[in-house]
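Residue numbers (our numbering), protein chains in the order written: chain W, 1 to 140; chain H, 1001 to 1140.
To keep things clear, I will list the structure first and then write my remarks on it.
2 protein chains.
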Amino acid sequence: MEQKIFRDFLGQRGLKLTRERMSVLREVFSFHDHFEPENLYMRIRESGLKASRASVYRTLSLLVESGLVRKAMRTERGNVYEHRFGHGHHDHMICDSCGEIIEFYSEKLENIQDEICDSNKFKGVSHTLEIRGICEKCRK
Amino acid sequence: MEQKIFRDFLGQRGLKLTRERMSVLREVFSFHDHFEPENLYMRIRESGLKASRASVYRTLSLLVESGLVRKAMRTERGNVYEHRFGHGHHDHMICDSCGEIIEFYSEKLENIQDEICDSNKFKGVSHTLEIRGICEKCRK
DNA sequence: GAGTTAATTGAAATTTAATCTCAATTTCAG
DNA sequence: CTGAAATTGAGATTAAATTTCAATTAACTC
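Right, dumping it as structure tokens:
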């Protein structure tokens, strides 16, 4: 499924389907949550697959270009990614106290953004909205 | 004006008002656009003021805590800041082709975000919305 | 299959933003 | 003024991400 997409993507660009790239792809899709490159690298090594740190970073870029993965946000320390398997567009709320990430999606919000783009004659392609605050648990 | 605010802020925390901090403050407010720490540091040196890179970074953090400056966004290469002098809250549209940054503000958008927070029992404190796409000029 | 070639890999070096260290300096309350 | 405590700066350090380059490998051709 995602393999076919990636394979096609590589094919179109004359890139090769290597063992390392497959390892990264597989590991990215084996886990349904946000992840950081370093951590992905660790998981790959632990599960006995192989791919150097350099390959992990390089493959991650390809995955983003292919649309299979998106850069979800940039934290103080590096990027956070997420794959897009049955994972439509959404935005994030981040608790400043415990770090929890809550995903949400609002049609209204999307529509208003479209309106705003129109009224600025801007062709919106993507967006990132990050709301920071305190989650329910931490408020108690 | 911003000096008074900063002075009070420092006072409340038992921090000192140093020449270096004043240099940073002054330079930050002398220019009404987004800026990066490195370039702020350069501007300070060029205008004959003094403050080491370390002090620039340290002061910038204080300015953010005091509310005089906000971290506008995180780019691939570091943070982008902006001061808040007659500069209410707003979000950004960034042209992927020419890099232009368009600021906008929408009451509707703010309201919907509040609704979303409420329905998630999340206490929203701040947010960043960044819409990427192509601006009017570049579309031609 | 074997041969060819361009893409890929990995370990280590490099880059770059940002933070930290610590001796010397400066602020400011009394 | 004086002294205690905060601050400074040059350079070291950290950490994410990228680059280097010789060795390896995928995949196309015959």
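Think of the CB as a built atom: it goes at the ideal place given N, C-alpha and C, for glycine as much as any other residue.
Residue of the options minimising C-alpha distance to residue i
i               : options                               : result
H87 (chain W)   : W:D33, W:R139, W:K4 and W:V64         : W:D33
R132 (chain W)  : W:S97, W:V125 and W:T59               : W:S97
G1048 (chain H) : H:M1022, H:S1106 and H:I1134          : H:M1022
C117 (chain W)  : H:S1106, H:D1114, H:G1124 and H:V1125 : H:S1106
A54 (chain W)   : W:G124, W:Y41 and W:D91               : W:Y41
E1036 (chain H) : H:G1014, H:N1079 and H:D1008          : H:N1079
M1093 (chain H) : W:G124, W:L63, W:F104 and W:I101      : W:G124
E115 (chain W)  : H:K1004, H:F1104, H:R1139 and H:D1008 : H:F1104
E100 (chain W)  : H:L1063, H:N1120 and H:I1102          : H:N1120
D8 (chain W)    : W:I44, W:H90, W:N39 and W:L63         : W:L63
T18 (chain W)   : W:H90, W:K50 and W:R139               : W:K50
R139 (chain W)  : W:C95, W:E38 and W:Q12                : W:C95
Contact under 8 angstroms by Cβ, residue i with residue j
i               : j               : result
L129 (chain W)  : H1127 (chain H) : yes
E20 (chain W)   : F1122 (chain H) : no
K1108 (chain H) : I112 (chain W)  : yes
S66 (chain W)   : F29 (chain W)   : no
Y151 (chain W)  : V69 (chain W)   : Only positions 1 to 140 of chain W appear in this structure, which leaves residue 151 (chain W) out of reach.
R1074 (chain H) : R74 (chain W)   : yes
E1027 (chain H) : F1085 (chain H) : no
Boundaries of the beta strand (DSSP E) in which residue i is found, first to last residue
i              : result
E103 (chain W) : I101 to F104
Opening and closing residue of the alpha helix (DSSP H) in which residue i lies
i              : result
K137 (chain W) : E136 to R139
N120 (chain W) : It is not in any alpha helix (DSSP H) - N120 (chain W) carries neither H nor E in the DSSP assignment.
Whole-angstrom C-beta distance between residue j and residue i, which should lie under 8 angstroms
i             : j             : result
L10 (chain W) : K16 (chain W) : 7 angstroms
- Query: Which runs of the alpha helix (DSSP H) spanning at least 4 residues fall entirely within the segment 1011–1098 of chain H, listed in chain order?
  - Reply: 1019–1029, 1037–1046 and 1053–1066
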